[in-house]
Amino acid sequence: MSYKSLFSIEVDEGGLKVIPSEELKSMSVPKQMATIESNLKMYEAKLQEITDNPESSEKTESDKCEVELVILVLKNFLKQFREANWEIA
């Protein structure tokens, strides 16, 4: 699942606003958390690959920044879900 199917980012009064997708919002909370955790692991692996093999990677610096931003958003989503639904975790 691509991060674009999980959320979108909009500029809102000088800041960024992360908006969960309808697909993500339609899932149960445990399914949302599992989906976010799965995607987080995938993007962390992508970042590790870029970091470990910068010369052999076809990724540009902007690709690396995009992956880092996605990781940050997913970690924040996961933190918010865990705080809001602590009894499930």
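1 is the number of the first residue of the sequence shown in the UniProt record's numbering; add one for each residue after it.
Don't be surprised by glycine CBs; every beta carbon is placed ideally from N, CA and C.
Secondary structure within the segment 14 to 63: the alpha helix (DSSP H) runs of 4 or more consecutive residues, fully enclosed, are 22 to 25 and 29 to 52 (chain order). DSSP places S5 within a helical segment (H, G or I) once states are collapsed to three. Between the alpha carbons of F77 and I36 lies a distance of about 8 Å.
Within a 10 Å sphere around the beta-carbon of N39 sit 16 or more other beta-carbons, which makes this residue buried.
Apart from the 5 residues on each side of it in sequence, L16 sits with its Cβ closer than 6 Å to the Cβ of I9 in its chain, given in chain order.
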